[in-house]
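Asks: Structure provided below as structure tokens; questions to follow.
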Amino acid sequence: MTLKALVGTVKDLWRMRSMPAQVRPKDTRSVITDIIGDESQKGKVLNAGPILALMDVVAGAISYRLSMGAAATISFDRVDLVKPVFHGDHVRLEGEVIGLGKSSMAVQVRVFRHDLKTDTLQHTHDAIITMVAINRFGRPRECLPDLFDPDNADHCLKMSELAKQRKDLSSLWRHEQDAVNALPFIKQSDLATLQSKAERVAVSDTVVEVRNCFLPRNLNPHDTVFGGDLLVWMDKIALHCAQKFTRSEKMVTIAMNRVLFKLPILMLDMVRMRARVVHVDHFHLEVEVEVFIHSWRGTQVTQRLLHGAESRRQQQVQAD
1 MTLKALVGTV KDLWRMRSMP AQVRPKDTRS VITDIIGDES QKGKVLNAGP ILALMDVVAG
61 AISYRLSMGA AATISFDRVD LVKPVFHGDH VRLEGEVIGL GKSSMAVQVR VFRHDLKTDT
121 LQHTHDAIIT MVAINRFGRP RECLPDLFDP DNADHCLKMS ELAKQRKDLS SLWRHEQDAV
181 NALPFIKQSD LATLQSKAER VAVSDTVVEV RNCFLPRNLN PHDTVFGGDL LVWMDKIALH
241 CAQKFTRSEK MVTIAMNRVL FKLPILMLDM VRMRARVVHV DHFHLEVEVE VFIHSWRGTQ
301 VTQRLLHGAE SRRQQQVQAD
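If you're matching positions, the sequence shown starts at 1 in full-length UniProt numbering and goes up one per residue.
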């Protein structure tokens with residue numbers, strides 16, 4: 001163990017000495033292309049899960065290379081669906097670092113699909129993913145260079161200002177969410193007055209809960225569960241919750257907000273997900289999903305999206 005710790009310390013020192021003082025945004029760019037989905041389902045709309053998993057791969061590849069070592073996914077700020085992706089599509093994912101802290105990296109990922117009819121690339125998804133460099137103990141590793149390009153200084157300064165605004169907004173959102181979670185109950189006066197509905201459903205009646213554990217194939221190089229696999233599962237339960245509420249299978253994810261990865265998940269952990277509908281509009285609804293782990297460490301909330309939990313916004317698709 002002493003030798004292993006010594007080797008790890010030497011590697012950390014080598015990374016710190018080898019790290020450049022500055023890096024240009026264009027030098028952090030990375031591209032992944034693939035044929036996505038199931039060939040037997042070719043032409044049908046693809047769920048958001050596989051796209052989210054690939055986005056996490058792109059952000060991970062960029063952060064590993066930039067930090068010269070291990071990195072972990074911390075959050076997805078927001079994912080917007082611009083156009084649908086179909087099974088059998090040729091997709092292209094482009095990632096670039098737009099902000100650097102002492103140990104954190106903000107990576108912007110854009111997704112495109114190749115349209116066979118027009119022979120052009122169509123923009124389908126946008127996301128900003130926050131990664132953090134970690135050491136062999138899983139703690140943040142403060143070693144990152146400054147993000148600056150002397151040939152495009154104005155752009156770098158703008159990105160730096162946007163990164164600061166993102167950090168402030170994220171902190172404000174967490175404080176507001178903690179305040180909401182601390183409320184013992186919600187009064188009728190706290191609810192906005194909506195148009196009359198033909199039917200009213202209690203939030204508790206919309207709950208969908210699943211339990212499962214992960215296999216060795218789901219592990220990343222740190223021997224924790226790969227974030228992309230977790231996102232695929234979260235998307236499935238969110239979509240099923242929306243389908244159950246609307247009593248319709250004609251549902252699709254159109255956006256995702258505030259994915260927060262609070263704790264790592266180990267292979268032996270029992271994972272429980274709980275989804276519930278928290279907001280309903282004319283054609284849209286929001287589903288909130290919380291992820292819990294059950295292990296020798298006790299029961300803990302490990303992943304949350306929007307409203308303090310995972311939240312997916314679903315849109316009902318009109319039948320043809």
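By construction, the Cβ of each residue, glycine as well, lies at the ideal position given by its N, Cα and C atoms.
Would you list the one or two residues that DSSP bridges to Phe245?
Replies: Its beta-bridge partners do not exist; DSSP assigns none.
Asks: For Ala179, report the span of its alpha helix (DSSP H) as first-last.
Replies: Ala153 to Asn181
Asks: Taking the alpha helix (DSSP H) that Leu66 belongs to, which residues open and close that run?
Replies: Ala48 to Ser67
Asks: Anyone know if the C-beta pair for His90 and Thr33 falls short of 9 Å?
Replies: Yes, the Cβ-Cβ distance between His90 and Thr33 is below 9 Å.
Asks: Does the distance from the CB of Asp80 to the CB of Ala242 come in under 9 Å?
Replies: no
Asks: Determine the direct distance from the alpha carbon of Ser18 to that of Lys133, and round the result to whole angstroms.
Replies: Correcting the residue type first, residue 133 is Ala in the shown sequence and not Lys. Straight-line Cα distance between these residues: approximately 15 Å.
Asks: Tell me, to the nearest whole angstrom, how far the beta carbon of Ser40 is from that of Gly95; I am working on the premise that it is less than 8 Å.
Replies: Between Ser40 and Gly95 the beta-carbon gap is near 30 Å, outside 8 Å, which marks them as no contact.
Asks: Give the secondary structure of Ser39 by DSSP, where H, G and I count as helix, E and B as strand, and everything else as coil.
Replies: The sequence given here has Glu at residue 39, not Ser. Glu39 falls in the helix class under three-state DSSP.
Asks: Can you tell me the Cα-Cα spacing of His282 and Thr246, whole angstroms?
Replies: 12 Å
Asks: Assuming Glu209 contacts Met270 under a Cβ cut-off of 8 Å, what Cβ separation, rounded to an integer in Å, is found between them?
Replies: Glu209 to Met270, Cβ: 13 Å. No contact.
Asks: According to DSSP, which residues form a beta bridge with Leu81?
Replies: Beta-bridge pairing links Leu81 to His125.
Asks: For Leu266 and Gly138, what's the separation of their Cα atoms in angstroms?
Replies: 13 Å
Asks: According to DSSP, Gly99 sits in a beta bridge with which residue or residues?
Replies: Ala106
Asks: In this structure, how does DSSP classify Pro150 when only helix, strand and coil are distinguished?
Replies: helix
Asks: What would DSSP say about Arg276, mapped onto helix, strand or coil?
Replies: strand
Asks: For a test of the three-state rule: what should DSSP assign to Val207, helix, strand or coil?
Replies: Three-state result, Val207: coil.
Asks: Report, in whole angstroms, the separation of the C-beta atoms of Val280 and Ala238, which I expect to be a contact under 8 Å.
Replies: Contact annotation, Val280 with Ala238: C-beta distance approximately 14 Å; criterion of less than 8 Å not satisfied.
Asks: Between Arg136, Thr206, Asp205 and Asn152, which lies nearest to Arg24 when the distance is taken from Cα to Cα?
Replies: Asn152
Asks: Exposed or buried, what is Phe185 when buried is set at 16 or more other beta-carbons lying within 10 Å of its beta-carbon?
Replies: exposed
Asks: With Ala70 as the anchor, note down where its beta strand (DSSP E) starts and where it stops.
Replies: Run containing Ala70: none; DSSP gives neither H nor E here.
Asks: Using the Cα positions of His125 and Gln165, report the straight-line distance between them to the nearest angstrom.
Replies: The straight-line gap separating the alpha-carbon atoms of His125 and Gln165 is approximately 22 Å.
Asks: On a CA-only basis, which of Ile98, Phe214 and Asp115 is nearest Pro264? Give me that one, please.
Replies: The shortest Cα separation from Pro264 among Ile98, Phe214 and Asp115 belongs to Phe214.
Asks: Please determine, among Ala182, Arg174, Leu147 and Ala127, the residue with the shortest C-alpha to C-alpha distance to Leu66.
Replies: Comparing alpha-carbon positions, the option among Ala182, Arg174, Leu147 and Ala127 lying closest to Leu66 turns out to be Leu147.
Asks: Quick check: Leu54 and Leu93, are their CB atoms within less than 9 Å of each other?
Replies: yes
Asks: For the beta strand (DSSP E) that Met251 lies in, which residues bound it at each end?
Replies: Met251 to Phe261
Asks: Rounded to whole angstroms, how far is the Cβ of Val289 from the Cβ of Met234, which I believe are closer than 8 Å?
Replies: Confirmed, Cβ separation roughly 5 Å.
Asks: If you reduce the DSSP assignment to three classes, tell me which class residue 321 lands in.
Replies: Since the first residue shown for the chain is 1 and the last is 320, residue 321 is missing from the structure and cannot be characterised.
Asks: So Ser63 and Val259 are supposed to be a Cβ contact under 8 Å. How far apart are they, rounded?
Replies: Ser63 to Val259, Cβ: 16 Å. No contact.
Asks: Can you tell me whether Thr2 is buried or exposed, with buried defined as 16 or more other CB within 10 angstroms of its CB?
Replies: exposed
Asks: Measuring only the C-alpha atoms, how far is Lys11 from Pro150?
Replies: 31 Å
Asks: If you drop the 5 nearest sequence neighbours on each side, which residues of the same chain put their C-beta closer than 6 Å to that of Thr206?
Replies: Excluding sequence neighbours, Thr206 sits near Phe245, Arg276 and Val277.
Asks: Straight-line CA distance for Val107 to Ser160?
Replies: 13 Å
Asks: Opposite Leu93 in the DSSP bridges: which residues?
Replies: Ile32 and Val111
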